[in-house]
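Colleague: In case it helps, UniProt numbering puts the sequence shown at residues 1 to 281.
The beta-carbon is built from N, C-alpha and C at its ideal position, and this holds for glycine as well.
From a predicted model like this one, the values you see are computed outputs, not experimental measurements.
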Amino acid sequence: MATPGRVHPLENPPSFTFPKAEQKSDSASDDQDQDTSPFLSGQLSASPVPNETYIIQIPKEQILRQPPPEHAHRAKVYARRPLRRRAVRRCCCSLIASLICLLIAVGAAAGIFYLIIRPKAPSYSLSSVNMTGLDPVLTSASTPLSPNVEATIEANNKNKHLSILYQSGGTVDLYFEDTKLCSGDWPKFRQGPKNNTELQVQMTGSGILMTANTRDSLVNDQKNQSVPLVMHAKVPVKIKYGPVTTWKITAKVKCNIVVDGIAGEMTVLKKDCSAKSNYLW
Numbered sequence: 001m002a003t004p005g006r007v008h009p010l011e012n013p014p015s016f017t018f019p020k021a022e023q024k025s026d027s028a029s030d031d032q033d034q035d036t037s038p039f040l041s042g043q044l045s046a047s048p049v050p051n052e053t054y055i056i057q058i059p060k061e062q063i064l065r066q067p068p069p070e071h072a073h074r075a076k077v078y079a080r081r082p083l084r085r086r087a088v089r090r091c092c093c094s095l096i097a098s099l100i101c102l103l104i105a106v107g108a109a110a111g112i113f114y115l116i117i118r119p120k121a122p123s124y125s126l127s128s129v130n131m132t133g134l135d136p137v138l139t140s141a142s143t144p145l146s147p148n149v150e151a152t153i154e155a156n157n158k159n160k161h162l163s164i165l166y167q168s169g170g171t172v173d174l175y176f177e178d179t180k181l182c183s184g185d186w187p188k189f190r191q192g193p194k195n196n197t198e199l200q201v202q203m204t205g206s207g208i209l210m211t212a213n214t215r216d217s218l219v220n221d222q223k224n225q226s227v228p229l230v231m232h233a234k235v236p237v238k239i240k241y242g243p244v245t246t247w248k249i250t251a252k253v254k255c256n257i258v259v260d261g262i263a264g265e266m267t268v269l270k271k272d273c274s275a276k277s278n279y280l281w
């Protein structure tokens, strides 16, 4: 590509000659020829006209021309793309900022609600246990067991302004060591503030088999009149404060008890219950 301002001579330039002056007959023309001829002759002899022709080349980038219509349309399309991208970015940033503000507002409202209400975990206790169906274990460990247990559970709501709404779907399981003896359903009910409620829970089991070591431990505990049992309960609840009701929260209840036998109405010698929740307590 040629450099701007550079000229290049042709290899075979065409010849160029000046036309001869016309001769005039009158005296005026002779005088004029005599006056001007020395000047012309001096100029021609002093600086002869070069017999060469030059071509000036201009870079292609510097040539101004009108682009074809398809190029103009393509240029418009390319020019609109950054605008669309900026619009999409602005929309995404606005949406993300709105979601963040919403989450912050919800979190702040929940924190203020928690600080004002300060919910307390309800307390639970096993007041009585009646069990049948474990007698065959005293004679043989290979006999399948079908225990039935009726337990009385006390639920105490310590909150002054909160009601606890126990939902359906709660379960209660009774264990001896690692063996699940029976299971049942937690009843659905509404417990008001500062309320103590007794629940009757029925638990049943069928085809329960114990290992020899578990059977021996149960027999020894029966002889000593100190049988340790563990009750696990998972209960979905909702907390209500005035017109506001929370979503479902799973409350986990665990009770460690010691009874004096494995048949009939048993006396609860020791009991230790606790309740946990992932959100409130």
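Could you give the uninterrupted runs of the beta strand (DSSP E) lying entirely in the segment 75-152, keeping only those of 3 residues or more?
Modeller: Taking only runs of at least 3 residues, the beta strand (DSSP E) segments lying wholly in the segment 75-152 are 123-132.
Colleague: Please tell me whether A266 and V137 are closer than 8 Å, where the distance is taken between their beta carbons.
Modeller: Position 266 of the sequence shown, counted from the start, is the residue given in the question as residue 266. Position 137 of the sequence shown, counted from the start, is the residue given in the question as residue 137. First, the residue type needs correcting, since residue 266 is Met and not Ala in the sequence shown. Not in contact: M266 and V137 (Cβ atoms no closer than 8 Å).
Colleague: Under a three-way DSSP split, which group does S217 fall into?
Modeller: Within the sequence shown, residue 217 is the residue found at index 217, counting from 1. Of the three classes helix, strand and coil, the one that applies to S217 here is helix, per DSSP.
Colleague: L174 and M210 look like a contact to me (Cβ under 8 Å); what is the Cβ gap, rounded to whole Å?
Modeller: Residue numbering aside, residue 174 sits at position 174 when the sequence shown is read from its first letter. Residue numbering aside, residue 210 sits at position 210 when the sequence shown is read from its first letter. Not really, about 14 Å apart at Cβ, beyond 8 Å.
Colleague: By the DSSP assignment, the beta strand (DSSP E) with K276 in it spans what residues?
Modeller: Translated into positions along the sequence shown, residue 276 becomes position 276. It spans V268 to S277 - the beta strand (DSSP E) in which K276 sits, taken as one unbroken run.
Colleague: Once you ignore the five residues that flank T204 on each side, which residues in its own chain have a CB closer than 6 Å to its CB?
Modeller: Here residue 204 is taken as the residue at index 204 of the sequence shown, counted from 1. Only N148 and C182 meet the Cβ criterion.
Colleague: May I ask you to check if the CB of S128 is nearer than 7 Å to at least one heavy atom of the ligand FAD?
Modeller: As for the ligand FAD, it is missing from this structure, which has no ligand bound.
Colleague: Can you give me the C-alpha to C-alpha distance between I96 and C255, rounded to a whole angstrom?
Modeller: Taking the sequence shown and counting its residues from 1, one reaches residue 96 at position 96. Taking the sequence shown and counting its residues from 1, one reaches residue 255 at position 255. Using only the alpha carbons, I get a separation of about 46 Å.
Colleague: Need the endpoints of the beta strand (DSSP E) that N159 sits in, please.
Modeller: Stepping through the sequence shown from its first residue, residue 159 is reached at position 159. N159 -> no beta strand (DSSP E), and no H or E assigned at all.
Colleague: What are the start and end residues of the beta strand (DSSP E) that includes A251?
Modeller: For this step, residue 251 is matched to residue 251 along the sequence shown. From DSSP, the beta strand (DSSP E) with A251 extends over I249 to V259.
Colleague: Within its chain, find whatever has a CB closer than 8 Å to the CB of V268; leave out the 5 residues flanking it on each side and keep chain order.
Modeller: Taking the first residue of the sequence shown as 1, we reach residue 268 at position 268. Cβ within range, chain order: L126, S127, S128, V129, I257, V258 and V259.
Colleague: In whole angstroms, give me the CA-to-CA distance for I262 and W247.
Modeller: For the purposes of this step, residue 262 is taken as the residue at position 262 of the sequence shown. For the purposes of this step, residue 247 is taken as the residue at position 247 of the sequence shown. Computed Cα separation, rounded: 40 Å.
Colleague: Which same chain residues, not among the five before or five after G170, have their C-beta less than 7 Å away from its C-beta?
Modeller: What you label residue 170 is simply residue 170 of the sequence shown in a count that begins at 1. Excluding sequence neighbours, G170 sits near D185, W186, A233, K234, V235 and P236.
Colleague: Quick check: the Cα distance between Y279 and G107, rounded to an integer number of angstroms?
Modeller: On the sequence shown, residue 279 is found 279 positions in, with the first residue counted as 1. On the sequence shown, residue 107 is found 107 positions in, with the first residue counted as 1. The straight-line gap from Cα to Cα measures roughly 13 Å.
Colleague: In the structure shown, what three-state DSSP assignment does W281 receive?
Modeller: Sequence index remark: in the sequence shown, residue 281 carries index 281 (1-based). It is coil, neither helix nor strand.
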